[in-house]
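Data first, discussion second: the structure below is written as structure tokens.
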Amino acid sequence: DVDIKILAAGKSKYASLKERDIAMETKTNSEGSFFAGPLYDDIGYTVEASKAGYHLKQTGPYTFSCQKLGQILVRIYGEQDAELLPSVLLSLSGEEGYRNNSISGSGGTFSFGNLFPGSFYLRPLLKEYKFTPSAVAIDLNSGESREVEFRATRVAYSAMGSVTLLTGQPKEGVFVEARSESRGYYEEATTDSFGRFRLRGLVPGSIYSVRVVAKDDHRFAAVERASPEYVSIDVGQDDISGIDFVVFERPESTILSGHVEGDDLDMLQPQLSVEIRSAADPSRIESVLPVPLSYYFEVQNLPKGKHLVQLRSGLPSHTHRFESEIVEVDLDKQPQIHVGPLKYKTEERHHKQELTPAPVFPLIVGVSVIALVISMPRLKDLYQSAVGMTTLGSAAAPIKKEPRKTIMRKRA
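Under full-length UniProt numbering, the residues of the sequence shown are numbered 1 to 412, in order.
Below you can see the structure in the form of structure tokens.
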């Protein structure tokens, strides 16, 4: 019995049929023939044929060839035949890139159907179990049905517990990890809507620390801390339950607090202020507040993200040198955080007057002028004296004397 569908190839003027609408359905008879009608003759029709477990290929307008497909039936048993196994992932791969990943039922059975002839590779996967055989190669003929069996042996175990708020409300999406520092093993899990978690694959004979981990990821719940901080477990040959945590949610509002320490703080306190800038854009100042008398400060409702915190001084820069350490905080990771102590260094500048050598020529000229001014009275006296001497010299110039003639007197 093959299912036959008669589909409209266009829109009919006489009936409410559009393209691809089903005009009629029927089945083939024992001879593989079918009959459908009456049909409106103002449109054409197409035919589709289908049958579970068979591949039908259209060879003409109303004729098909039929090929029976194969199947693989999988059965999985525990160490004891009556053991109820959890669902197992079955990975089936084949020719031409065929791949099918399916989950077995609670009874450990599953059927892969509608398989074309060819070679297949089947592998069961389940954490905490190893399988015998680990994988099976299967050659499947046309229409053939094959059955495959696996035996599961448990080699690892689970740790189970819950995560709740202080009110007892279960917390979904909390990240929980189990870590064995001595042997390097690590497993992780996330709580479900009931706040429950299950850490699978814990190796017997190992000691694990189980703890709640705050993740910087929107996929996980925003948790600030948990109590207890961690639980230490020693894994044996059985599952461990009753590992419960109480978590404290990360607050929505931000609080940044801190305190200041340094030399001569009581004297410098009126001149000090706390400056908070955006780490992404250091030129953007988010807040500035003076350092209180208590040296403790607090700023609320800053935007979440990374910020830079440092001290600023009101002392004149030309008289004092002031240096402050810069602290970076991330209010996404810790919306409420205390920083400090904020420390600083200050030093008074001592200015030394440096003598610069004066130009030599102007100095000589200046000294000469000063000496000239000072010696002016004396020069004047010398000048007048020189003039006077010149006058006297002129007046007292030697007069040319004529030689005195001797008069000879005769005696009578």
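For each residue, glycine too, the CB sits at the ideal point set by N, CA and C. Because the structure is a prediction, the values reported are computed rather than measured.
Pair within 8 Å by beta-carbon distance, residue i and residue j
i, j, result
"phenylalanine 248", "leucine 166", "yes"
"alanine 214", "glutamate 224", "yes"
"phenylalanine 64", "alanine 49", "yes"
"lysine 343", "glutamate 252", "no"
"leucine 122", "leucine 92", "yes"
"histidine 307", "valine 291", "no"
"leucine 268", "leucine 302", "no"
"phenylalanine 112", "asparagine 100", "yes"
"tyrosine 45", "glutamate 149", "no"
"tyrosine 296", "leucine 265", "no"
"glutamate 19", "glycine 32", "no"
CA nearest to the CA of residue i, picked from the options
i, options, result
"valine 278", "Val309, Ser294, Val299", "First, the amino acid is wrong: residue 278 is serine here, not valine. Cα-wise, what sits closest to serine 278 is Val309."
"glutamine 67", "Arg75, Leu73, Gln58, Leu39", "Gln58"
"glutamate 323", "Ile285, Val274, Ser102, Gln336", "Val274"
"valine 231", "Ser180, Arg151, Gly94, Tyr157", "Ser180"
"residue 428", "Gly305, Tyr129, Ser145", "Past the boundaries of the shown model lies residue 428; the chain is included only from 1 to 412, so the question cannot be answered."
"glutamine 336", "Lys304, His259, Arg312", "Lys304"
"proline 170", "Leu17, Ser12, Ser193", "Ser193"
"leucine 315", "Lys345, Pro341, Leu293, Gly340", "Lys345"
"glycine 94", "Asp81, Gln80, Gln71", "Gln71"
"phenylalanine 131", "Glu79, Ser119, Gly143", "Glu79"
"leucine 56", "Lys13, Asn114, Asn29, Ser106", "Asn114"
"isoleucine 43", "Lys13, Ser30, Asn29, Ala36", "Lys13"
Delimiting residues of the beta strand (DSSP E) encompassing residue i
i, result
"aspartate 330", "327-330"
"leucine 56", "54-58"
"residue 422", "Shown here, the chain extends from 1 to 412; a query on residue 422 therefore has no answer."
"lysine 306", "306-313"
"tyrosine 77", "70-77"
"threonine 46", "45-50"
"lysine 171", "It is not in any beta strand (DSSP E) - lysine 171 carries neither H nor E in the DSSP assignment."
"glycine 201", "196-202"
"proline 290", "285-290"
Span separating the alpha-carbon of residue i from that of residue j
i, j, result
"lysine 400", "glycine 366", "The pLDDT assigned to lysine 400 is 47, lower than 50, so where the model puts this residue is not dependable; a value taken from the coordinates is nonetheless given after this. Roughly 52 Å separates the two Cα atoms."
"serine 317", "arginine 349", "9 Å"
"arginine 250", "phenylalanine 175", "14 Å"
"glutamine 353", "arginine 321", "Note on glutamine 353: pLDDT 48, under 50, position unreliable in the model; the coordinate value appears next. Roughly 19 Å between the two C-alpha positions."
"isoleucine 6", "tyrosine 98", "31 Å"
"proline 38", "methionine 24", "9 Å"
"leucine 355", "leucine 331", "Reliability fails at leucine 355, whose pLDDT of 46 lies under 50, so the model's placement of it is uncertain and no value is given."
"tyrosine 157", "glutamine 237", "7 Å"
"glutamate 147", "aspartate 41", "51 Å"
"glutamine 271", "lysine 333", "32 Å"
"glutamate 325", "threonine 254", "22 Å"
"alanine 135", "proline 124", "7 Å"
"valine 155", "valine 88", "15 Å"
"serine 145", "glutamate 96", "21 Å"
"isoleucine 138", "tyrosine 185", "35 Å"
"alanine 280", "arginine 183", "41 Å"
"alanine 15", "glycine 60", "27 Å"
"leucine 289", "threonine 319", "23 Å"
"threonine 164", "glutamate 187", "21 Å"
"valine 212", "lysine 127", "22 Å"
"glutamate 347", "alanine 371", "48 Å"
"proline 204", "alanine 82", "24 Å"
"glycine 107", "proline 133", "19 Å"
"serine 375", "serine 368", "10 Å"
"proline 341", "proline 86", "56 Å"
Same chain only: Cβ atoms within 8 Å of residue i, ignoring 5 sequence neighbours per side
i, result
"isoleucine 407", "For isoleucine 407, the predicted structure reports a pLDDT of 45, less than 50, and the residue's modelled location is therefore unreliable. The matter cannot be settled from this model."
"alanine 159", "Ala178, Arg198, Leu199, Leu202, Tyr208, Val210, Ile233, Val235, Asp239, Ile240, Ser241, Ile243"
"lysine 27", "Asp1, Val2, Asp3, Ile4, Phe34"
"threonine 391", "Per-residue confidence for threonine 391 stands at a pLDDT of 49, beneath the threshold of 50, marking its modelled position as unreliable; no derived number is given."
"asparagine 141", "Gly70, Pro117"
Own chain, CB closer than 6 Å to residue i, minus 5 neighbours either side, in chain order
i, result
"serine 287", "Ile276, Val299"
"arginine 196", "Ser162"
"aspartate 21", "Ala8"
"tyrosine 62", "Val47"
"valine 327", "Val309, Val339"
"alanine 226", "Val212, Phe245, Val247"
"serine 394", "At serine 394 the pLDDT is 48, less than 50, meaning the model places this residue with poor confidence; the figure from the coordinates comes in the next sentence. Once the five neighbours on either side are set aside, serine 394 has no close Cβ partner at all."
"arginine 312", "Ser273, Glu275"
Below-8 Å beta-carbon distance, residue i vs any chain D residue
i, result
"glutamate 149", "Looking for chain D here will not work: only one protein chain is present."
Chain-order list of residues whose beta-carbon lies under 7 Å from that of residue i (same chain, five-residue window excluded)
i, result
"phenylalanine 110", "Val74, Leu90, Ser102, Ser104"
"tyrosine 54", "Cys66, Gln67, Lys68, Leu69"
"serine 206", "Ser180, Arg183, Tyr185, Val235"
Continuous alpha helix (DSSP H) stretch holding residue i: start and end
i, result
"leucine 90", "Unbroken run through leucine 90 is the beta strand (DSSP E), 89-94; no alpha helix (DSSP H)."
"leucine 268", "265-268"
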